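What follows is a short report on a single structure.
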Amino acid sequence: MSADHRDVESVLVPTQHDPSRSYPTMRSLASKGINTVVASENAHPPVFASRFCDERHRVPAAEDDLAAYRDGLLELAAREDVRTAVPLREEDAYVFSRYYDAFDEHLDLVVPPLDALERVHDRMLLAEAAEAAGVPAPETRPLDEVDDWSGGNIVKSRYNLLTDAYVDSYPGGEAGKEKDVIHLRPGETPDVDELCDGMSHVPIVQECVPKDDEYMFAGLYDHGEPLATFQHRQIRGDSYVGGGGVYRKSVSIPELERVARDLLSELDWHGLACIEYMEHAETGEFVLTEINPRMWQSLPATIHAGADFPHYYWLQATGRADEIDPGYDLGTGSHSPRGELVYLASLLTDESPYVDRPGFLRTVGEMLASFYRQPHFDYTHIDDPVVFVSGFGRMIRNRLK
4 MSADHRDVES VLVPTQHDPS RSYPTMRSLA SKGINTVVAS ENAHPPVFAS RFCDERHRVP
64 AAEDDLAAYR DGLLELAARE DVRTAVPLRE EDAYVFSRYY DAFDEHLDLV VPPLDALERV
124 HDRMLLAEAA EAAGVPAPET RPLDEVDDWS GGNIVKSRYN LLTDAYVDSY PGGEAGKEKD
184 VIHLRPGETP DVDELCDGMS HVPIVQECVP KDDEYMFAGL YDHGEPLATF QHRQIRGDSY
244 VGGGGVYRKS VSIPELERVA RDLLSELDWH GLACIEYMEH AETGEFVLTE INPRMWQSLP
304 ATIHAGADFP HYYWLQATGR ADEIDPGYDL GTGSHSPRGE LVYLASLLTD ESPYVDRPGF
364 LRTVGEMLAS FYRQPHFDYT HIDDPVVFVS GFGRMIRNRL K
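Numbering (the numbering used here), first residue to last: 4 to 404.
See the structure below:
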């Protein structure tokens, strides 16, 4: 540890190129005098240019070598000034949980044990947990056990994260994500062998739920008890057929709170949880989509509404959970500029037999109106403009390749 760090407390912030989780985390904590130790497998992620990034470190890529990624984080965690690390992606939650004892020697982590983590990473086990909790979830079956294709169905990965701990045949030491979601028309029979080979495991089939709106519930839990919760309605996502929110408004709906709390209580949850829900178009029920055990893509919108989850996490990890004030403002909206462009692109490229494609020009008009009514954008801070400029420039360069 260098002399510069002897009188400060530091937080370890792992990141990739996408700043949606890392930037609001380090901005929140750095503004409170906490030294941000930012680690990435990428040479020049946008957050490295931020004034709130106190230190920049390279670590091996998690998807290539989980053990090397773990060791790279452990080397930074071993510093006396580093108090905790924030799980910002699936790989972080997995590494911190699977190798908890190694990290616990150096850090105060707030993460679930590996068996609890598997119950949310494995969508079959998650469906079973929802049934045990008595909360709505889509009918979920392994692909190779389905013999009736008469209804509307969706095929997706069984796991949020593929590792050898979950899938015996998956290469040891690697981590992967299978993000393809295949919408099947009623009566359409998929090629089971081809899908299993392409996804490197047996994926799942879920019934297609007719939906009116999509919502997110976020929580920070202490062994089954909520310390802070938050809700927003997703107005636009990464794609018109679904995905993470890119325009959202904070809400507070008692029934959504109930079903989310019942599920997390059943899981005896500990740490961060981001739960995605669909509002059933016919019954009005809030139907579970998935749980992510980490910070969420729309974290800037959450903080904008007054729910500072990075700081809440720090307080819990450092034994000051009693200082958490979990209130937030309702009706506040926030946009991801990059995400809004991706949503527009989805109108030209994506398709689904179950979701009507919005008109392109009408959508542009709705976007402009929402920009006027809710002029708050992720990462566009006048005191720190380089993160947006760097990220936008990279997106344009990738589009031109």
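Ideal placement from N, C-alpha and C gives every residue a C-beta, glycine not left out.
Only a predicted model underlies this, so the values are computations on that prediction, with no experimental measurement involved.
Counting only residues of its own chain and dropping the five nearest sequence neighbours on each side, Ala135 has a CB closer than 7 Å to the CB of Glu269. Going by DSSP, Leu371 is part of the alpha helix (DSSP H) stretching over 363 to 376. In the DSSP assignment, no residue is bridged to Ala135. Between the region 319 to 331 and the region 141 to 160 there are fewer than three inter-stretch CB-CB distances shorter than 8 Å, so the stretches are not counted as touching. Straight-line measurement puts the Cα of Gly334 at about 6 Å from the Cα of Val254. In the DSSP annotation of this structure, the continuous segment of the beta strand (DSSP E) that includes Gly274 starts and ends at 274 to 283. Under DSSP, Arg61 takes part in a beta bridge, and its partners are Ser43. The C-alpha of Glu93 is placed about 16 Å away from the C-alpha of Ala221.
The residues Ile306, Asp311, Pro313, His314, in chain order, have a CB closer than 7 Å to that of Ser31 in the same chain once the five nearest residues on each side in sequence are set aside. Taking each of His273, Pro116, His186, Tyr97 in turn and checking the Cα distance to Glu210, the smallest one comes out for His186. Counting the other Cβ atoms within 10 Å of the Cβ of Leu165 gives 16 or more, which makes it buried. Taking 8 Å as the cut-off, the beta carbon of Val205 is found closer than this to the beta carbon of Asp147.
Under DSSP, no beta-bridge partner is assigned to Met127. Comparing C-alpha distances from Val390 to each of Met29, Leu230, Asp125, Glu78 shows the shortest one belongs to Met29. Straight-line spacing of the CA atoms in Gly362 and Val113 works out to 44 Å. Asn295 has Cys277 as its beta-bridge partners, per DSSP. The beta carbons of Tyr224 and Arg236 sit no closer together than 8 Å. Residue nearest to Thr87 within the set Leu120, His109, Ala96, Ala71 is His109 (criterion: CA-CA distance). Using a 10 angstroms sphere on the CB of Tyr375, the tally of other CB atoms stays under 16, which defines it as exposed. In chain order, Val41, Phe51 place their CB closer than 7 Å to the CB of Arg59, counting only its own chain and leaving out the 5 sequence neighbours on each side.
In the three-state DSSP reduction, Arg144 falls in the strand class (E or B).
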